[in-house]
Amino acid sequence: MSTVIAPAREAVRAVDRVAAARRRVSAGETLGQTLMMAWRALKKMRRNPEQFFDVAFQPILFTAMFAFVFGGAISGDVESYLPLMIPGILSQTVLTTCMATGTQLREDLEKGVFDRFKSLPIARIAPLAGPMVADLLRYTIAATLTFGMGLVMGYRPGGGAGGVLAAILLAIFTGWSLAWVFTWVGTIARSAQAVQGISMMILFPLTFLSNAFVPVETLPGWLAAFVRVNPVSHLVTAARDLANSAVLSGEVAWTLLACLIVVAVFAPLSVRSYKRHM
Amino acid sequence: MSITELGRTGGGPAPGGDTDPAVRVEGLVKTFSGHRAVDGIDLEVHPGEIFGVLGPNGAGKTTTLRMLATLLKIDAGRAEIFGVDVAGNPHVIRQLVGVTGQYASVDENLTARENLWLFGRLQGIAAPRARRVATELLGRFGLEEAADRPISRFSGGMRRRLDLAASLITRPPLIFLDEPTTGLDPRTRGQMWDTIRGLVADGCTVLLTTQYLDEADQLADRVAVIDHGRKVAEGTPDALKTTVGDSTLQLLLADPDEVPAAVEVVRRVLGSDPVLSPERGRLNVALDQADLTADVLIALRAAGLSISSVSVAKPSLDEVFLALTGHETDKGDKTGAEESR
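Sequence order for the protein chains is A and B.
So for the first sequence, the numbering used here puts the first residue at 308; every next one is plus one.
So for the second sequence, the numbering used here puts the first residue at 402; every next one is plus one.
Written out as structure tokens, the structure reads:
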């Protein structure tokens with residue numbers, strides 16, 4: 308260090324730097340910074356492969372388990388249950404995956420590097436949105452494995468490849484949108500464990516009090532009422548319509564609308580509580 | 402508490418037309434749940450100087466720095482950096498200031514090179530240049546060999562160096578260093594000092610916090626001493642040291658009741674009063690020259706006063722504090738925990 312003679316550099320002049328300073332972050336810069344943060348998150352995933360355990364095992368395990376346990380009782384046999392169940396598992400898997408976003412963000416926030424992110428002249432949303440962009444990879448893996456497992460077990464989606472692809476894309480988008488809820492939880496909770504607990508409390512009613520695994524008609528009236536308005540039910544129905552009959556139903560629109568509302572509410576909330584953080 | 406003005410205030414506006422001070426702080430306040438961690442601090446840092454903020458744990462040093470770096474909200478008072486209001490233009494301030502914290506703020510999951518690349522790219526540096534700057538900084542900080550290793554295997558000194566390198570990517574005109582050498586071994590510490598001096602040679606201004614008087618002495622052009630969120634003294638390190646002498650003779654009397662007699666002896670020999678430590682029977686005597694030790698000891702012997710322990714030390718922050726505030730640094734004070742995060 309001291310022995311190295313630094314190459315002659317132009318002296319730093321403060322007045323020039325004040326004059327050249329930008330007043331705010333542009334939309335283009337925000338996007339670039341978000342993608343850099345996504346790059347960081349991908350590097351992190353590659354070096355901690357255990358982050359892929361949930362997205363790899365859950366679809367395989369749950370698909371087999373639910374099909375054999377519930378198949379006979381609900382649809383008579385496993386094979387006729389699959390068209391009903393696979394889109395349900397798809398929604399559940401994607402939701403569980405986006406829950407991890409909050410826990411990981413919370414752990415990340417406690418690290419020193421977030422101090423530096425805060426001190427850099429970058430968009431406040433970039434450190435939050437970056438990992439979510441990287442998480443698209445996890446959703447894709449989870450969704451693809453769910454359908455793959457279904458195919459292995461004898462599921463033959465009537466909607467064809469196009470319908471299945473559309474269902475997967477819709478599920479990924481929903482997962483990304485709902486991840487903002489868990490990101491927000493990640494910025495307000497005191498510890499990663501707390502995030503986990505709160506997220507479970509949000510997640511379980513949403514997935515199990517939906518039409519993901521059972522027909523709504525079998526439920527008592529008050530429960531059916533909740534199940535019908537539950538956004539997860541809309542996603543499940545939309546995914547069934549797309550995968551099983553390639554129908555672009557109104558459910559798709561409802562799902563997209565619910566997603567946009569969630570992002571519009573929880574993205575600003577997350578940024579606000581992140582700014583207050585630390 | 403009055404502010405002791407020590408000696409001349411060095412520095413002054415640097416030639417080159419930079420008329421605004423690098424940092425101007427007036428009446429800065431930060432309150433954590435009712436406790437005023439920073440309680441009305443005024444500072445003025447001139448461009449091109451190294452300014453040291455000296456104080457014990459929990460004095461409010463880190464909190465002050467974090468407010469100036471836009472990491473904490475300013476509760477009251479005003480702060481300007483190169484004439485730009487900190488609270489009103491956080492985005493501009495972040496482009497002017499490089500921050501190196503007490504705890505290395507680099508990404509554990511990335512290699513050293515990837516860290517520098519990420520921070521460069523985030524600040525809008527084009528890919529080829531970000532790569533070049535990363536390589537240059539790794540070389541300058543002696544990290545080439547470790548460049549592609551994960552940070553988790555780095556030593557404390559290497560992390561600090563990488564952390565400082567990461568603050569220099571855009572060559573900010575003002576650099577904040579929060580206790581840059583705490584926890585480093587003496588050799589690494591000396592290297593860090595050289596690096597910090599090099600920054601100023603480049604035209605940067607440095608604001609650093611430290612708990613060590615010798616570090617402030619080695620590096621800083623001017624020093625502000627902070628205690629309980631307030632500035633208790635400001636001046637050159639030399640002026641600061643004169644208040645406590647060049648070295649300190651620490652005496653422990655065998656009989657604590659003989660303290661008044663010992664004070665009388667010291668006054669006769671040196672013409673100044675020793676500082677009484679809260680510990681019974683302990684006296685700290687500021688000496689202009691270490692040679693005077695013998696004179697004091699001989700005089701004590703002649704007066705028939707018995708000493709159970711004696712040592713001569715460089716004045717530490719404790720002595721400065723004792724001399725300036727009349728109380729010792731509160732080492733066990735729990736306010737330190739609030740300050741650290």
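We put the CB at the ideal spot given by N, CA and C, even for glycine.
Whole angstroms is fine: what's the gap from residue i's alpha carbon to residue j's?
i: B:Ala455; j: B:Lys474; result: In the sequence on display, residue 455 of chain B carries Leu and not Ala. One C-alpha to the other measures close to 22 Å.
i: A:Phe573; j: A:Val325; result: 35 Å
i: B:Lys732; j: A:Ser540; result: Confidence at B:Lys732 is low in this model, with a pLDDT of 48, below 50, so its placement is unreliable and the value that follows should be read with caution. Going from the Cα of B:Lys732 to the Cα of A:Ser540 covers about 59 Å.
i: A:Pro390; j: A:Ser552; result: 10 Å
i: B:Leu614; j: A:Met352; result: 44 Å
i: B:Thr465; j: B:Gly558; result: 25 Å
i: B:Leu469; j: B:Leu497; result: 11 Å
i: A:Ile448; j: A:Thr404; result: 10 Å
i: B:Val430; j: B:Leu472; result: 14 Å
i: B:Phe722; j: B:Val626; result: 9 Å
i: B:Gly489; j: B:Ala535; result: 32 Å
i: B:Asp508; j: B:Leu698; result: 56 Å
i: B:Gly435; j: B:Ala477; result: 14 Å
i: B:Asp647; j: A:Glu417; result: 43 Å
i: A:Arg329; j: B:Gly525; result: 11 Å
i: B:Pro587; j: B:Ile597; result: 15 Å
i: A:Gln358; j: A:Tyr462; result: 28 Å
i: B:Ile570; j: B:Ala438; result: 32 Å
i: A:Val322; j: B:Ala423; result: 10 Å
i: B:Arg668; j: B:Val500; result: 47 Å
i: B:Val666; j: B:Val485; result: 56 Å
i: B:Phe452; j: A:Ala348; result: 38 Å
i: B:Ala527; j: A:Ala519; result: 47 Å
i: B:Ala531; j: B:Leu523; result: 10 Å
i: B:Ala621; j: A:Leu485; result: 52 Å
i: B:Arg742; j: A:Arg497; result: A caution first: B:Arg742 carries a pLDDT of 37, below 50, which makes its placement in the model unreliable, though a value can still be read off. Roughly 14 Å between the two C-alpha positions.
i: A:Val559; j: A:Ile475; result: 12 Å
i: B:Gly737; j: A:Glu414; result: Note on B:Gly737: pLDDT 38, under 50, position unreliable in the model; the coordinate value appears next. Distance between the alpha carbons of B:Gly737 and A:Glu414: 24 Å.
i: A:Val576; j: A:Gly335; result: The question names Val, but residue 576 of chain A in the sequence shown is Leu. Roughly 22 Å separates the two Cα atoms.
Just mark residue i as buried or exposed, buried being the case when its beta carbon has 16 or more other beta carbons within 10 Å.
i: B:Thr749; result: Any property of residue 749 of chain B remains undetermined from this structure, which presents chain B solely from 402 to 742.
i: B:Gly604; result: buried
i: A:Gln399; result: buried
i: A:Trp529; result: exposed
i: A:Gly466; result: buried
i: B:Phe520; result: buried
i: A:Arg583; result: exposed
i: A:Phe364; result: exposed
i: A:Ile393; result: buried
i: A:Val459; result: exposed
i: B:Gly636; result: buried
i: B:Val448; result: Val is not the amino acid found at residue 448 of chain B; the sequence shown has Pro there. With 16 or more Cβ atoms within 10 Å of its Cβ, B:Pro448 is classed as buried.
i: A:Gly504; result: exposed
i: B:Gln690; result: exposed
i: A:Asn355; result: exposed
i: A:Gly469; result: exposed
i: A:Gln500; result: exposed
i: A:Ser258; result: Residue 258 of chain A cannot be examined here, being either before or after the span of chain A that is shown, 308 to 585.
i: A:Leu564; result: exposed
i: A:Met406; result: buried
Of the residues the options, which one's Cα is nearest the Cα of residue i?
i: B:Gly599; options: B:Asp615, B:Gly584, B:Ile576; result: B:Ile576
i: B:Glu798; options: B:Arg533, B:Gln503, B:Thr501; result: Only positions 402 to 742 of chain B appear in this structure, which leaves residue 798 of chain B out of reach.
i: B:Ala695; options: B:Gly682, B:Ser712, B:Arg681; result: B:Ser712
i: B:Pro675; options: B:Glu546, B:Ala687, B:Ala662; result: B:Ala687
i: B:Gly555; options: B:Leu609, B:Leu641, B:Asn510, B:Leu671; result: Per the sequence shown, the amino acid found at residue 555 of chain B is Phe instead of Gly. For the residues B:Leu609, B:Leu641, B:Asn510, B:Leu671, the minimum Cα distance to B:Phe555 belongs to B:Asn510.
i: B:Lys642; options: B:Glu720, B:Asn458, B:Val666; result: B:Glu720
i: A:Asp442; options: A:Leu342, A:Phe511, A:Ala327, A:Thr562; result: A:Leu342
i: B:Arg683; options: B:Leu671, B:Gly705, B:Ala655; result: B:Ala655
i: B:Thr606; options: B:Arg572, B:Leu585, B:Asp443; result: B:Arg572
i: A:Val420; options: B:Ala703, B:Leu517, B:Ser506, B:Ala513; result: B:Ser506
i: B:Ala602; options: B:Pro574, B:Asp618, B:Arg623, B:Thr649; result: B:Pro574
i: B:Leu671; options: B:Pro657, B:Thr649, B:Arg681; result: B:Thr649
i: A:Gln340; options: A:Ser577, A:Pro434, A:Trp483; result: A:Pro434
i: B:Phe542; options: B:Pro551, B:Trp594, B:Thr644; result: B:Trp594
i: B:Arg681; options: B:Val624, B:Gln612, B:Ser709; result: B:Ser709
i: B:Thr432; options: B:Arg425, B:Thr610, B:Gly591, B:Arg631; result: B:Arg631
Curious, which full-length beta strand (DSSP E) runs of at least 3 residues does the stretch 458–516 of chain B contain? If we require 3 residues or more, the beta strand (DSSP E) runs fully inside the stretch 458–516 of chain B come out as 477–482, 498–501.
Would you list, in sequence order, the uninterrupted alpha helix (DSSP H) runs of no fewer than 4 residues that lie entirely inside the stretch 677–731 of chain B? If we require 4 residues or more, the alpha helix (DSSP H) runs fully inside the stretch 677–731 of chain B come out as 693–703, 718–726.
4-residue-minimum alpha helix (DSSP H) runs that sit fully inside the stretch 601–634 of chain B, ordered along the chain: Considered as a whole, the stretch 601–634 of chain B harbours 614–620 as its complete alpha helix (DSSP H) runs of no fewer than 4 residues, in chain order.
Between the stretch 424–438 of chain A and the stretch 542–549 of chain A, do at least 3 Cβ pairs fall closer than 8 Å? Short answer: they don't touch.
State whether the stretch 488–503 of chain B contacts the stretch 662–672 of chain B, with contact taken as three or more CB pairs (one from each stretch) at a distance under 8 Å. In short, these stretches do not touch, since the Cβ pair count stays below three.
Which full runs of the alpha helix (DSSP H) of 4+ residues lie inside the stretch 493–521 of chain A, going along the chain? Taking only runs of at least 4 residues, the alpha helix (DSSP H) segments lying wholly in the stretch 493–521 of chain A are 499–515.
Within 8 Å, do at least three Cβ pairs link the stretch 366–380 of chain A to the stretch 481–490 of chain A? The answer is no - the stretch 366–380 of chain A does not touch the stretch 481–490 of chain A, with fewer than three Cβ pairs under 8 Å.
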